[in-house]
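*Asks:*
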Amino acid sequence: MKEQNSCELEHIGIAVKNLKDAIKVYEALGLKVESIEAVEEQKVTTAFIPCGSVNLELLEAIGNEGPVAKFIEKKGEGIHHISIRVPDIQARLNELKEKGIRLVDETPRKGAHNSKIAFIHPKAMKGVLIELCEKEVEDQ
Ligand code: CMX
21 MKEQNSCELE HIGIAVKNLK DAIKVYEALG LKVESIEAVE EQKVTTAFIP
71 CGSVNLELLE AIGNEGPVAK FIEKKGEGIH HISIRVPDIQ ARLNELKEKG
121 IRLVDETPRK GAHNSKIAFI HPKAMKGVLI ELCEKEVEDQ
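In the numbering used here, the protein residues as written are 21 to 160.
#1: Keeping to the same chain, check which residues put their C-beta closer than 6 Å to that of Lys155; ignore five residues upstream and five downstream.
#2: Can you check whether the CB of Phe139 is closer than 7 Å to the CB of Glu151?
#3: On the criterion of 16 or more Cβ atoms from any shown chain inside 10 Å, does Glu30 qualify as buried, or is it exposed?
#4: Just to confirm, are Val53 and Ile34 a CB contact at a threshold of 7 Å?
#5: On the CB-based measure, 16 or more other CB atoms within 10 Å of its CB, does Val88 come out buried or exposed?
#6: Does DSSP put Lys22 in a helix, a strand or coil?
#7: Note down, in chain order, each residue of its chain lying with its Cβ closer than 8 Å to the Cβ of Met21, except the 5 sequence neighbours on either side.
#8: Would you mind listing the beta strand (DSSP E) stretches within the stretch 25-53 that are 3+ residues and don't spill past its ends, in chain order?
#9: For the pair the stretch 109-119 and the stretch 39-49, tell me if three or more CB-CB distances fall below 8 Å.
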């Protein structure tokens, strides 16, 4: 029997120097920004762009200190993280910790759109920063 998929691709995070310029070029592709939101805790302003069944999340750093500012300084603009949606983020973090996988966050933080987010260290994921994301349940 086919196992039920307990996670799905939510978005791809792209670090950009200037959100306005980045939006212009992504909109030139025929995509449309759905929302722009500052996530102070992560020191970023995000622009969400639906693209088929996933989203692109453009990320502009707030200030010079946060993870996106540091990433751009070291590597330049480009793909910053992949976000995977899970039904119960704390349970997934506990499982990963038990398996000895290096986490950035052992408990979730607040992300865009009232989501809960937590990161797995890129060194544990073959050089890719993975974000786990649990969305607020809608239409209860
Ligand atoms: N993708 C792949 N590798 C990355 C990376 C990324 N996004 N960010 C850092 N790295 C690598 C670096 O290249 C470096 O590797 P080397 O040692 O081989 O050079 C290593 O990880 C350490 O990087 P660093 O620049 O010294 O940075 P820190 O150790 O201070 O921090 C990390 C790295 C992942 C712990 C930090 O960026 C972090 O906490 N990230 C999670 C939070 C985040 O990124 N928030 C922004 C998005 C928020 C949102 O989506 O709302």
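Note that beta-carbon positions come from the ideal geometry of N, C-alpha and C, so glycine has one too.
*Replies:* In short, the structure shows the following:
#1: On the sequence shown, position 135 is the one that residue 155 refers to. Result list for Lys155: Ser135, in chain order.
#2: Position 131 of the sequence shown, counting from 1, holds the residue named residue 151. Position 119 of the sequence shown, counting from 1, holds the residue named residue 139. The beta carbons of Glu151 and Phe139 sit closer together than 7 Å.
#3: Along the sequence shown, one-based indexing puts residue 30 at 10. Classified as buried, Glu30 has 16 or more neighbouring CB atoms from the shown chains inside 10 Å of its CB.
#4: As a position in the sequence shown, residue 53 is number 33, starting the count at 1. As a position in the sequence shown, residue 34 is number 14, starting the count at 1. No, Cβ-Cβ distance for Val53 and Ile34 is not below 7 Å.
#5: Taking the first residue of the sequence shown as 1, we reach residue 88 at position 68. Burial call: buried.
#6: Here residue 22 is taken as the residue at index 2 of the sequence shown, counted from 1. With a pLDDT of only 45 at Lys22, under 50, the local geometry of the prediction cannot be trusted, and the value read off the model is given with reservation. Lys22 sits in coil when the DSSP states are folded into three classes, being neither helix nor strand.
#7: Against the sequence shown, residue 21 aligns to sequence position 1. Below a pLDDT of 50, predicted positions are generally treated as unreliable, and Met21, at 44, falls in that range; the measurement from the model is reported next regardless. Around Met21: no qualifying Cβ.
#8: You should have 28-36.
#9: These segments do not touch.
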